[in-house]
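S.K.: Supplied in structure tokens, the structure appears directly below.
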Amino acid sequence: MDLKEIKFEEFNSTEFIESQVADISKTVGKGLAINALSGGVDSSAVTMLGHKALGNRLKTYFIENGLMRQDEPEKVVKLFRALGVNVEIIDVKEQFFGALSGLTDPEEKREAITQTFYKDVFGKLVRDSSAKFLLQGTNYTDVEETVAGIKRQHNILEQLGINTEKQFGYRVIEPLIRLRKSAIRVLSKHLGLPEEIYNRPPFPGPALATRIIGEVTPERIDTVRKATVIIENELQATGAFQYLAVLHQDRVTGIRDGKRDFGLQIEVRCWESKDAKIASPTRLPYEKMERLADRITTEVPGVVSVTYNITKKPPSTIEVV
Ligand code: XMP
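Start counting the sequence shown at 0; every next residue gets the next number (numbering that gives the first Met the number 0).
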């Protein structure tokens, strides 16, 4: 891989901010740029860098793709408004569910999400705004995993030989591409982001779709979203690297009110990791696991079985898709 990582030990936030702000200003010139903010640490850092460089010549959007966590659009808009950044919500739920309809293969689902984001949604946003650039928070680990052929991360384009200008009508600027998450957290703090952002566990671009085995439908997203609320609420205090709910495709026989209930299965994953390259499951107290099972089977309609994943990465990966 040609790209050279900036190691955590050699990372200097002040110098990095200065040079990236200068680069972004120079590249965009007097024109306009857009960026999509999900509320994760990477896209939040890029939003702040972009606004420092371009002010209101950067239009920031929250793409409401129907795959995000509970109340996320409103929370993100409110938080950035308090930082002086205006964020517009773009409702494209139907486009995403349409593109995902009938797909069960993991890489086909990822490809459908990439195409919908970059060709359909961002393509239309740049045409409508006459922007020529898209700023995004691709990081070093995203490139590494995609180039290694493990997973096609949703935001990898040029490194796979995709000419975005030709295919989608805009150029992509990726200020964080040489950094890993640990440096991006330090950077985010320096950029004035609150701790709830710079210490937030990673969340993948294709969002809850990476946590559904089989077809992604609004109903199945609703199930995994409800389980996610419980898992995040119960496991936040562990300080683990990432914790998540997975919805399985197979149903299993359960009992509810003394009757057979052929219901859904949720898998809980909770990871210890430094940079997501390797990871191991957190040794959760048994009482915590029991509480998760009780809450998920009571509060999430249709779920009759909850399991805890005890596999390391590798051979597992952090997300299931
Ligand atoms: P895996 O599942 O490959 O995940 O072990 C490694 C880390 O990357 C996150 N992840 C993604 N992040 N776009 C992203 O921005 C993606 O397509 C994507 N897929 C996985 C995952 O949550 C974990 O932190």
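Glycine included, each C-beta is placed from N, C-alpha and C at the ideal position. Keep in mind it's a predicted model, so treat the numbers as computed, not measured.
When you compare each of Tyr169, Asp90, Leu156 and His153 to arginine 126 by their alpha carbons, which one comes out closest?
M.R.: Among Tyr169, Asp90, Leu156 and His153, the Cα nearest to that of arginine 126 is on Tyr169.
S.K.: Could you tell me which whole alpha helix (DSSP H) segments of length 4 or greater appear in the region 181-225?
M.R.: Correct list: 194-197.
S.K.: On the CB-based measure, 16 or more other CB atoms within 10 Å of its CB, does alanine 52 come out buried or exposed?
M.R.: So alanine 52 counts as buried.
S.K.: Please name the residue or residues paired with serine 279 in a DSSP beta bridge.
M.R.: In the DSSP output, where bridge partners are listed per residue, serine 279 has Glu271.
S.K.: Go to alanine 236, then tell me how far its alpha helix (DSSP H) extends in each direction, as first and last residue.
M.R.: No alpha helix (DSSP H) contains alanine 236, which DSSP labels as neither H nor E.
S.K.: Which same chain residues end up closer than 8 Å to proline 280 when comparing Cβ atoms and leaving out the 5 residues on each side of it in sequence?
M.R.: Taken in chain order, the residues that qualify are Arg268, Cys269, Trp270, Glu271, Tyr307, Asn308, Ile309, Thr310 and Lys311.
S.K.: With respect to 7 Å, is the separation between the Cβ of histidine 153 and the closest non-hydrogen atom of the ligand XMP below this value?
M.R.: Yes.
S.K.: At which residues does the beta strand (DSSP E) containing aspartate 90 begin and terminate?
M.R.: Per DSSP, aspartate 90 belongs to the beta strand (DSSP E) from 86-90.
S.K.: For phenylalanine 95, which residues in the same chain have their Cβ closer than 6 Å to its Cβ, ignoring the five residues on either side in sequence?
M.R.: Cβ neighbours of phenylalanine 95 beyond the five flanking positions: Asn64, Gly65 and Thr115.
S.K.: Go ahead and label asparagine 232 buried or exposed: buried means 16 or more other beta carbons lie within 10 angstroms of its beta carbon, across all protein chains shown.
M.R.: Exposed: under 16 other Cβ atoms inside 10 Å.
S.K.: From alanine 236 to isoleucine 149, what does the alpha carbon distance come to, in whole angstroms?
M.R.: Each residue's alpha carbon lies about 30 Å from the other.
S.K.: Could you tell me the boundaries of the beta strand (DSSP E) in which isoleucine 172 lies?
M.R.: Unbroken beta strand (DSSP E) run through isoleucine 172: 170-172.
S.K.: Got a sec, what are the start and stop residues for the alpha helix (DSSP H) glutamate 71 sits in?
M.R.: Residues 71-81.
S.K.: Name, in chain order, the residues that DSSP records as bridge partners for tyrosine 307.
M.R.: Val267.
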